[in-house]
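If you read the sequence shown in my numbering, its first letter stands for residue 5, the second for the next number, and so on. Every residue, glycine too, gets a C-beta built ideally from N, C-alpha and C. Quick notes on the structure that follows.
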Amino acid sequence: MAPSMPVLLNSLLYSGVGIVVLILGFIILDLLTPGKLWEQINEKQNMAVATFAGLGALSLSIIIAAAIHG
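This is the structure in C-alpha coordinates:
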(Lines of atoms letter the chains of each structure in order from A and count residues from 1; the text may use other names and numbers.)
(Lines give C-alpha, C1' and ligand atoms only; values in the text may rest on other atoms or scores of the structure.)
Protein backbone atom coordinates (compact mmCIF):
# COMPACT_ATOMS: atom_id res chain seq x y z
CA MET A 1 0.00 0.00 0.00
CA ALA A 2 2.87 2.39 0.73
CA PRO A 3 4.34 2.52 -2.82
CA SER A 4 1.00 3.60 -4.26
CA MET A 5 0.86 6.77 -2.13
CA PRO A 6 3.69 8.58 -3.97
CA VAL A 7 2.12 7.57 -7.27
CA LEU A 8 -1.21 9.04 -6.17
CA LEU A 9 0.44 12.25 -4.98
CA ASN A 10 2.37 12.58 -8.26
CA SER A 11 -0.83 12.06 -10.24
CA LEU A 12 -2.63 14.74 -8.23
CA LEU A 13 0.31 17.13 -8.60
CA TYR A 14 0.53 16.66 -12.37
CA SER A 15 -3.25 16.99 -12.69
CA GLY A 16 -3.18 20.27 -10.77
CA VAL A 17 -0.29 21.60 -12.85
CA GLY A 18 -2.10 20.58 -16.04
CA ILE A 19 -5.30 22.33 -15.01
CA VAL A 20 -3.45 25.52 -14.07
CA VAL A 21 -1.58 25.54 -17.39
CA LEU A 22 -4.84 24.94 -19.27
CA ILE A 23 -6.52 27.87 -17.49
CA LEU A 24 -3.52 30.11 -18.19
CA GLY A 25 -3.63 29.04 -21.83
CA PHE A 26 -7.29 29.98 -22.07
CA ILE A 27 -6.57 33.38 -20.52
CA ILE A 28 -3.73 33.98 -22.99
CA LEU A 29 -5.98 32.88 -25.87
CA ASP A 30 -8.62 35.32 -24.63
CA LEU A 31 -6.07 38.14 -24.54
CA LEU A 32 -4.82 37.39 -28.06
CA THR A 33 -8.24 37.39 -29.70
CA PRO A 34 -10.36 40.48 -30.29
CA GLY A 35 -13.28 40.78 -27.88
CA LYS A 36 -13.95 38.72 -24.79
CA LEU A 37 -14.30 34.98 -25.47
CA TRP A 38 -16.38 34.21 -22.40
CA GLU A 39 -18.82 37.03 -23.16
CA GLN A 40 -19.21 35.83 -26.75
CA ILE A 41 -19.75 32.22 -25.67
CA ASN A 42 -21.95 32.74 -22.62
CA GLU A 43 -24.01 35.85 -23.33
CA LYS A 44 -24.19 36.00 -27.13
CA GLN A 45 -24.26 32.20 -27.70
CA ASN A 46 -21.69 32.47 -30.50
CA MET A 47 -21.13 28.87 -31.65
CA ALA A 48 -18.12 29.73 -33.83
CA VAL A 49 -16.28 31.26 -30.90
CA ALA A 50 -17.26 28.33 -28.68
CA THR A 51 -15.89 25.88 -31.25
CA PHE A 52 -12.67 27.90 -31.54
CA ALA A 53 -12.22 28.02 -27.75
CA GLY A 54 -13.03 24.32 -27.42
CA LEU A 55 -10.51 23.33 -30.06
CA GLY A 56 -7.95 25.59 -28.40
CA ALA A 57 -8.58 23.90 -25.05
CA LEU A 58 -8.39 20.44 -26.65
CA SER A 59 -5.11 21.19 -28.39
CA LEU A 60 -3.63 22.65 -25.20
CA SER A 61 -4.76 19.55 -23.30
CA ILE A 62 -3.04 17.24 -25.78
CA ILE A 63 0.18 19.28 -25.57
CA ILE A 64 0.09 19.32 -21.76
CA ALA A 65 -0.57 15.56 -21.59
CA ALA A 66 2.31 14.86 -23.97
CA ALA A 67 4.65 17.10 -21.97
CA ILE A 68 3.70 15.44 -18.68
CA HIS A 69 3.84 11.90 -20.08
CA GLY A 70 7.23 12.47 -21.66
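Check, Outcome
"Identity of the residue in Ala69, Gln44, Ser19 and Ile67 nearest alanine 57 by Cα", "Gln44"
"Rounded straight-line distance, which links the Cα of leucine 59 to that of proline 7", "37 Å"
"Nearest to histidine 73 (by Cα), restricted to the options Ala61, Ser63, Gly22 and Leu36", "Gly22"
"The stretch 64-73 in contact with the stretch 15-35 per 3-pair CB rule at 8 Å", "yes"
"Enclosing alpha helix (DSSP H) for threonine 55 [first to last residue]", "51-73"
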